[in-house]
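Residue numbers (the numbering used here), protein chains in the order written: chain V, 10 to 308; chain S, 510 to 770. We treat Cβ as the ideally placed atom computed from N, Cα and C, and that holds for glycine.
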């Protein structure tokens, strides 16, 4: 989690190597649903980049596009190449952790050894033991959590450089979830890169270096998690409070009792601090996410 | 991928092997009693004339029926290749092939493959082992029937006529494999490829009803009509069917390469 600071210190901040580059990504499904509307973002080498957003925001569509599962408009490069040229270097855990139910974990490892490039069977055994998976039981009889653990074990045993996780802790108990988060964090320490989606914001806050918040197919915010606390403020203001003319904010909403403003604009922060009955809060990621999203939903 | 394919097809392989073995055993076991069976079905020429056409077809020509009593080779050709085993070939291929891609999509396991391999590699990685399994079973049963009959003391030989029949059935299996594979790729659930396959398997004979579309019905070729009646290999139809198989296979690959998941 201290990685970005060291990059700042050694002067490489802002010049990171782009592992995943998405430019002008636009996707309209056959039924006419405009899932992603021309988004741009990069995932830099050695970071955990979390994609956040409500259901239908376009997270899975973005990942599917990056992996070449669907057609899209725009440009996507993985390690500066087309995905098909670097596939062995990319490991993926999908939202739906379905694996071949007629197999046992033991057989799954044997099959993966033949099918998956750069797959380490010993590593897969180690992860499965760590997750206490029954090696000779058919996957058909596994719980959701066990299926997730199995998929994660097989994915983590692939010696890739970019790991893409779509809801990787789905169905896991809190202890196992923390184990997985630690494993994902260790990937980055070992020099790997992680793109990650989750609905659980507290989880993201624990491990993400950078986040991109998607809403209605657009990116509302993309930046470092540390910057949120450092730069952003939430102001709770009286409903009848008249905002200054030159007020810069990321999100504004009114609830029954208060007007809520999310801003990083220094002039606006200074101005709002003068307001009567104004309450200033340093947001954590959960508050930031909620305020940003509610501001857009009710805009 | 061969091991994975074998595991996926395991149940169906066992089912069909048992079914074909049972069919072969029953066929050979009834061979000594064929004259008695014929006697029970003894229609004289006047009775035969009055029978409806479809029933005549089922019974075949009386001359052929009597030939079956005397000629072991003819019995094998007409009863194993043209009837029992031959008639089940399209259904056998359909059951073996329909889940090949559609099940992966239906169950969500396709994402595992798509994230590990490029699409042409996935396509050939599934198509080749699947074909090896289907072809392996077919080859076993087209060759084992004459061998078992020989060992049982019947005068059967691998004549050019028999080999022509075998080649026609192998080409037919290849054609249906490609066709049903295409259905498995096009559809995203497991019901539609089966329904489409059944529609084709049962629908194709209807083309025989019209003179101009007779050639569209492949069953006379699959069941080796020209081999049994004239003793000739249908070369033109074989080349046509192989060319069509290549086109369908190419189409399947292109559809799979462009499909969204």
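Helix, strand or coil at residue i according to DSSP, with G and I counted as helix
i	result
residue 248(V)	coil
residue 280(V)	helix
residue 231(V)	strand
residue 672(S)	helix
residue 178(V)	coil
residue 170(V)	coil
residue 539(S)	helix
residue 243(V)	strand
residue 665(S)	coil
residue 106(V)	coil
residue 741(S)	coil
residue 186(V)	helix
residue 268(V)	strand
Residue i classed as buried or exposed, judged by whether at least 16 other C-beta atoms fall within 10 angstroms
i	result
residue 672(S)	exposed
residue 157(V)	buried
residue 55(V)	buried
residue 242(V)	buried
residue 38(V)	exposed
residue 704(S)	exposed
residue 693(S)	buried
residue 668(S)	exposed
residue 138(V)	exposed
residue 198(V)	exposed
residue 18(V)	Summary for residue 18(V): the model assigns pLDDT 40, below 50, so the residue's position carries little reliability; its value from the coordinates is reported in the next sentence. The residue in question, residue 18(V), is exposed, as its Cβ has fewer than 16 Cβ neighbours within 10 Å.
residue 173(V)	buried
residue 64(V)	exposed
Where the alpha helix (DSSP H) through residue i begins and ends
i	result
residue 753(S)	744–767
residue 645(S)	628–660
residue 58(V)	That residue, residue 58(V), is in no alpha helix (DSSP H); its beta strand (DSSP E) goes 57–61.
residue 68(V)	68–75
residue 609(S)	608–616
residue 738(S)	734–738
residue 153(V)	153–165
residue 93(V)	92–95
Residue-level contact to chain S via CB, residue i, 7 Å cutoff
i	result
residue 120(V)	yes
residue 37(V)	no
residue 109(V)	yes
residue 313(V)	Examination of residue 313(V) is not possible in this model, given that chain V is present from 10 through 308 alone.
residue 129(V)	no
residue 198(V)	no
residue 105(V)	yes
residue 192(V)	no
residue 85(V)	no
residue 79(V)	yes
residue 125(V)	yes
residue 136(V)	no
residue 140(V)	no
residue 88(V)	no
residue 93(V)	yes
residue 224(V)	no
residue 101(V)	yes
Cβ shell of residue i (< 8 Å), same chain only, five flanking positions each side left out
i	result
residue 212(V)	178, 186 and 190
residue 21(V)	Low per-residue confidence applies at residue 21(V): pLDDT is 42, beneath 50, and the placement is therefore not dependable, though the value from the model is reported in the following sentence. Within the same chain, residue 21(V) has no close Cβ partners at all.
residue 159(V)	106, 108, 114, 117, 137, 140, 142, 148 and 151
residue 181(V)	154, 157, 158 and 189
Limits of the unbroken beta strand (DSSP E) element including residue i
i	result
residue 140(V)	Per DSSP, residue 140(V) belongs to no beta strand (DSSP E) and is neither H nor E.
residue 288(V)	288–290
residue 259(V)	Segment: none, residue 259(V) is in no beta strand (DSSP E) and carries neither H nor E.
residue 223(V)	219–224
residue 31(V)	27–37
residue 84(V)	82–87
residue 123(V)	Residue 123(V) -> not in any beta strand (DSSP E); alpha helix (DSSP H) instead, spanning 114–124.
residue 49(V)	43–53
Closer than 7 Å to chain V by CB, residue i
i	result
residue 769(S)	yes
residue 625(S)	yes
residue 610(S)	no
residue 618(S)	yes
residue 723(S)	no
residue 513(S)	yes
Beta-carbon contacts of residue i that lie in its chain and below 6 Å, excluding the five residues immediately before and after
i	result
residue 308(V)	Low local confidence applies: a pLDDT of 48 at residue 308(V) is under 50, so the model's placement there is unreliable, with the coordinate-based value given in what follows. Here the set comprises nothing.
residue 286(V)	247
residue 79(V)	73
residue 687(S)	754, 757 and 758
residue 281(V)	244 and 287
residue 742(S)	673
residue 698(S)	615
Same chain only: Cβ atoms within 7 Å of residue i, ignoring 5 sequence neighbours per side
i	result
residue 284(V)	246 and 250
residue 216(V)	57, 190, 193 and 194
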